[in-house]
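As given, the protein sequences belong to chains F and Y, one line each in that order.
Here numbering that gives the first Met the number 0 is used: the first residue of the first sequence is 0, the next is one more, and so on.
Here numbering that gives the first Met the number 0 is used: the first residue of the second sequence is 0, the next is one more, and so on.
All C-beta atoms, glycine included, are put in the ideal place defined by N, C-alpha and C.
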Amino acid sequence: MTDIEFVPVSRKLIWVHLIGLLIGMLPFLVPMVVLGVIFEAVRPWMWAAAAVWLVILVWSAIVLIRQVGRLGYAERPDDLLIRRGILFRSTTVVPFGRMQFVDVKSGPIERLFGLATVELHTASAATDASIPGLPAAEAERLRDALAARGEARLAGL
Amino acid sequence: MTGTPEPGLPEPRVPEPGAPAREVPASGTPEPGSSAPDFTEWRRVHPLTPALKSWLFILAAIGVLLAQSQQFLQELVTGRFTGTSGLLEWLFAHPLAVLGILGGLILLLALIGFLNWLVWRRTGYHIDDEAIYLRKGLLNRQLRTARLDRVQSIDINQPLVPRLFGLAKLRFDVAGGKDSSVDLEYLGRDRAEALRDALLERVRALRAAEDSRLAGGPAGAGPGAGHGVGPGTASGAGPGGTYPGGADRPDAVSAGGGVPGGPGAGPPAAGAPTDPHLGPGGGPGGGPGAHPGGHAAGATGSAHAPGAGHGRASAASAPGANLGSRLMARIEPTAAGVIGDIGGTLTDVLSPYRVRAGADDDGRILRIPAHTVLLSGLLSTGTLVTLLFVLAVLAGFVVLAVLGRWEAITGSVVAIIPLFAAAYGIVKKSFDESNFSVAVTRDGLAVTHGLTTTTRRIIPLDRIQAVRLSQPLLWRGPGWWRAEYTIAGQEGEKNSTTLLPVGSLDQSLMMLGLVLPHPDVPDGVSGRELMVEAMYAGPAPGADAEPSDADGPGAEKPDVEGPHAEQGNAGARAAAALFHHQDRASRWLDPLTFRRNGWVRTGSMLVIRSGRFDRRVDCVPHARVQSMRMFAGPIQRALGLASVDLHSTAGPVKPQVSHQTAATAEEFFFEHAEITRQARAALDAHTGGPDVMEPHSGGPNAVEHGPLR
Numbered sequence: 000m001t002d003i004e005f006v007p008v009s010r011k012l013i014w015v016h017l018i019g020l021l022i023g024m025l026p027f028l029v030p031m032v033v034l035g036v037i038f039e040a041v042r043p044w045m046w047a048a049a050a051v052w053l054v055i056l057v058w059s060a061i062v063l064i065r066q067v068g069r070l071g072y073a074e075r076p077d078d079l080l081i082r083r084g085i086l087f088r089s090t091t092v093v094p095f096g097r098m099q100f101v102d103v104k105s106g107p108i109e110r111l112f113g114l115a116t117v118e119l120h121t122a123s124a125a126t127d128a129s130i131p132g133l134p135a136a137e138a139e140r141l142r143d144a145l146a147a148r149g150e151a152r153l154a155g156l
Numbered sequence: 000m001t002g003t004p005e006p007g008l009p010e011p012r013v014p015e016p017g018a019p020a021r022e023v024p025a026s027g028t029p030e031p032g033s034s035a036p037d038f039t040e041w042r043r044v045h046p047l048t049p050a051l052k053s054w055l056f057i058l059a060a061i062g063v064l065l066a067q068s069q070q071f072l073q074e075l076v077t078g079r080f081t082g083t084s085g086l087l088e089w090l091f092a093h094p095l096a097v098l099g100i101l102g103g104l105i106l107l108l109a110l111i112g113f114l115n116w117l118v119w120r121r122t123g124y125h126i127d128d129e130a131i132y133l134r135k136g137l138l139n140r141q142l143r144t145a146r147l148d149r150v151q152s153i154d155i156n157q158p159l160v161p162r163l164f165g166l167a168k169l170r171f172d173v174a175g176g177k178d179s180s181v182d183l184e185y186l187g188r189d190r191a192e193a194l195r196d197a198l199l200e201r202v203r204a205l206r207a208a209e210d211s212r213l214a215g216g217p218a219g220a221g222p223g224a225g226h227g228v229g230p231g232t233a234s235g236a237g238p239g240g241t242y243p244g245g246a247d248r249p250d251a252v253s254a255g256g257g258v259p260g261g262p263g264a265g266p267p268a269a270g271a272p273t274d275p276h277l278g279p280g281g282g283p284g285g286g287p288g289a290h291p292g293g294h295a296a297g298a299t300g301s302a303h304a305p306g307a308g309h310g311r312a313s314a315a316s317a318p319g320a321n322l323g324s325r326l327m328a329r330i331e332p333t334a335a336g337v338i339g340d341i342g343g344t345l346t347d348v349l350s351p352y353r354v355r356a357g358a359d360d361d362g363r364i365l366r367i368p369a370h371t372v373l374l375s376g377l378l379s380t381g382t383l384v385t386l387l388f389v390l391a392v393l394a395g396f397v398v399l400a401v402l403g404r405w406e407a408i409t410g411s412v413v414a415i416i417p418l419f420a421a422a423y424g425i426v427k428k429s430f431d432e433s434n435f436s437v438a439v440t441r442d443g444l445a446v447t448h449g450l451t452t453t454t455r456r457i458i459p460l461d462r463i464q465a466v467r468l469s470q471p472l473l474w475r476g477p478g479w480w481r482a483e484y485t486i487a488g489q490e491g492e493k494n495s496t497t498l499l500p501v502g503s504l505d506q507s508l509m510m511l512g513l514v515l516p517h518p519d520v521p522d523g524v525s526g527r528e529l530m531v532e533a534m535y536a537g538p539a540p541g542a543d544a545e546p547s548d549a550d551g552p553g554a555e556k557p558d559v560e561g562p563h564a565e566q567g568n569a570g571a572r573a574a575a576a577l578f579h580h581q582d583r584a585s586r587w588l589d590p591l592t593f594r595r596n597g598w599v600r601t602g603s604m605l606v607i608r609s610g611r612f613d614r615r616v617d618c619v620p621h622a623r624v625q626s627m628r629m630f631a632g633p634i635q636r637a638l639g640l641a642s643v644d645l646h647s648t649a650g651p652v653k654p655q656v657s658h659q660t661a662a663t664a665e666e667f668f669f670e671h672a673e674i675t676r677q678a679r680a681a682l683d684a685h686t687g688g689p690d691v692m693e694p695h696s697g698g699p700n701a702v703e704h705g706p707l708r
């Protein structure tokens, strides 16, 4: 593991994740602020809740940023390794000979930063091999490389 | 289609150094068949597609809108809202409102149309020599690439609404989990059919090219003898052609997998069967004398291995094929006359498990009577819980009756209904699996089961991915086990995965052995000892007793008695020593199971033992592992542990090597990646891949895939 060079994903993915986090968490903040402003009785509670919200936000942001730092992939001759996770660390290996199809996906925020996600699928639904935060060109290259590499025949399926 | 935001995709053609010219006409051009139309540009689907795909949503939206404005509309009509006597009058008085409403409607339609157009413009497909590309999605864009040689089948679907418009969906099935097909939706029916035919043609051409490349490829890689007879035996042995090169070429893997030298590589020394695995030990008993025996078996159409003793040796050198395939190959050629001897052949094939087996006149090798299955259903944990619940309810009734609260009883009778449902479920399952019998037929292992309606299915020996043995707590008394398998298949294929609903140790070992490759365990340990250790974590209760059932006429005695008993004990100890256990640090995470959980890697598969009260054993052949994931959560990392998941196809088996030390897990992970790679290569060299659309008539020759790897 130590001798494997993992290619990191783009740092821009941090912004994609942060924006996503904010979009996900804002709906919780709004009622707190509204209630806190309108009703004097619950105001301290609401402010406390908002503080908790802020702590969660900051903590999630830190984890997200570190996650992006750890996210990486390595193309080996016969398989692809994907490393991810800060709290829950994992390394996934997907043999090219087992690859069924490849998806390249990009959501609106990702596209804003020129990023895309490459997802590998095997015959197992449990395979969780997606690499987010690849620059579009790199995603294309990887897609082509993967499609070409799936050369081995699918014996045993 | 130029003008789309995405540039045309480059052709991912793979250079094939040294490979002979493909049989495809006009090789090098993107068209494999001269008559095949060209799909290399981005094509569009039918313009109505987005609307048709979201028609339900649009309809729902309109419905909700109408429901919401019902009050308003009513008031409008009755005139209360406008203060006049009726809607029409009000409308006549306010022509601008009419315009506004009409304009709004038109705007809405235009918006829908515009969105439809935008989505349609993004949706497209294109097919080149290698793969099919499908792109879709407006906000969340997606481009799916599936290699044509991965496509398992091509169907045309016509859902109701598209059918009204004469449209159809072309579905490329790719093995995978949920949402794992490439759907071209929607195309005109005629176009879909034309496209399907053209693509089937293309995929076949691709396969044929691949086969001819395999067959006519560099011949130096195969040992001379095996190579010479290879094609002849393949066509002679397999009229069904289901197991091309599986069992009748016992020397192929050791040549192809073990010596990736490619062209010019000399035949490996016949006296040293090259074991393609990193696993401990080589093939048991694979000596200089035994290996030529395997050759001979291949040359004579593999009717019977000359000398039963060679069975194991030849088996050991073909790790990819499971024992069942081997059994079929040995029985097939003389199907008419051999029936009486199936038992002997079976016993011979299953020799690593030391199971003695026999067959009756119909070729049935296993039969589970209905009452056993019903009883086993009653002894399941689910039944136990249900029973306790029933007792509780009855006790409640008694108490209520004593208190004289009859009305409460009538009220709570309703609570019994789910009980009936549960009981029905158990009984139905038992009925379905009753009269379970397995027969050796020309098609393969045929399973018949069912009390009221009899179901017959063929166990797809070449598609089995993993096997799980399990024993619920209450089955320990009778010593029963249950066996299930996962297979690779298309989504929605909801066939039973029961290999054995209930059976004794010997019966379960027999079924397990038939669907798995040769266990390929190190010397000094038999497959049986290994599996018993995996199942019981110790000697089986009454291990040396006579196996009680699964016997037929002509069955031989297993050699577990007499002088072998001593050796058996040693073997059992050796088997126990093979198991890797969880790290001690995991005793806080798995207080009950950490002693019992363990794994062994043999030359051909991974055996995982788990469970405390409900015992489980998972067996995953190396060649069938899809992908793997090593992971560690925060608690695991605090304890210095990590686990590895082996991903198999969807089914009852979810193998996991849990809670090893981080270093062990990492070592296992990378080592296993390499081992599975080699096992895949060996299996690839053996079989021609999954030809679902067109079974092989003969097998491709067993030559390594080429110098690419």
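Simplified DSSP assignment, three categories, for residue i
i: Y/Gln-470; result: strand
i: Y/Val-354; result: coil
i: Y/Trp-587; result: coil
i: Y/Ser-657; result: strand
i: Y/Leu-47; result: coil
i: Y/His-579; result: strand
i: Y/Gly-443; result: strand
i: Y/Asp-683; result: helix
i: Y/Asp-461; result: helix
Euclidean distance between Cα positions of residue i and residue j
i: Y/Ala-584; j: Y/Ala-661; result: 11 Å
i: Y/Gly-714; j: Y/Ala-145; result: A question about residue 714 of chain Y goes unanswered here, because the residues of chain Y that appear run from 0 up to 708.
i: Y/Ile-153; j: Y/Ala-50; result: 24 Å
i: Y/Asp-617; j: Y/Arg-120; result: 49 Å
i: Y/Val-624; j: Y/Gln-464; result: 8 Å
i: F/Arg-167; j: F/Gly-132; result: In the structure displayed, chain F extends from 0 to 156; residue 167 of chain F sits before or after that span and is not available.
i: Y/Pro-275; j: Y/Val-619; result: The predicted position of Y/Pro-275 is uncertain, since its pLDDT is 35 and thus under 50; a value taken from the coordinates is nonetheless stated next. Rounded to the nearest angstrom, the two C-alpha atoms are 17 Å apart.
i: Y/His-580; j: Y/Arg-467; result: 19 Å
i: Y/Leu-108; j: Y/Ser-68; result: 19 Å
i: F/Glu-137; j: F/Thr-91; result: 20 Å
i: Y/Pro-590; j: Y/Pro-538; result: 23 Å
i: Y/Gly-7; j: F/Asp-143; result: Interpretation of Y/Gly-7 is limited by its pLDDT of 35, a score under 50 that renders its predicted location unreliable; no figure is taken from the coordinates.
Buried versus exposed, by CB contacts within 10 Å (16 or more), residue i
i: Y/Phe-593; result: buried
i: Y/Asn-321; result: buried
i: Y/Arg-441; result: exposed
i: Y/Phe-612; result: exposed
i: Y/Asn-139; result: exposed
i: F/Trp-58; result: exposed
i: Y/Tyr-423; result: exposed
i: Y/Phe-113; result: exposed
i: Y/Pro-518; result: buried
i: Y/Phe-668; result: buried
CA nearest to the CA of residue i, picked from the options
i: Y/Tyr-535; options: Y/Val-501, Y/Arg-608, Y/Leu-577, Y/Val-656; result: Y/Arg-608
i: Y/Arg-201; options: Y/Glu-129, Y/Phe-164, Y/Phe-388, Y/Thr-346; result: Y/Glu-129
i: Y/Ser-411; options: Y/Ala-421, Y/Ala-422, Y/Val-392; result: Y/Val-392
i: Y/His-658; options: Y/Pro-651, Y/Val-643, Y/Gly-650; result: Y/Val-643
i: F/Glu-109; options: F/Arg-88, F/Ala-135, F/Thr-91, F/Leu-53; result: F/Ala-135
i: Y/Ser-603; options: Y/Ile-367, Y/Gly-597, Y/Gly-526, Y/Trp-587; result: Y/Gly-526
i: Y/Leu-504; options: Y/Thr-485, Y/Pro-540, Y/Thr-497, Y/Asp-522; result: Y/Pro-540
i: Y/Ala-356; options: Y/Arg-572, Y/Arg-42, Y/Thr-385, Y/Val-439; result: Y/Val-439
i: F/Arg-107; options: F/Gly-68, F/Ala-48, F/Gly-35, F/Ile-22; result: Looking at the sequence shown, residue 107 of chain F is not Arg but Pro. Closest by alpha carbon: F/Ile-22.
i: F/Val-62; options: F/Ala-40, F/Arg-75, F/His-16, F/Val-103; result: F/His-16
DSSP bridge partner residues for residue i (one or two, in chain order)
i: Y/Asp-127; result: Answer is none; Y/Asp-127 lacks a bridge partner.
i: Y/Ala-167; result: Y/Leu-186
Closer than 8 Å: residue i CB and nearest the ligand ZN heavy atom
i: Y/Val-426; result: You won't find the ligand ZN in this model; it holds no ligand whatsoever.
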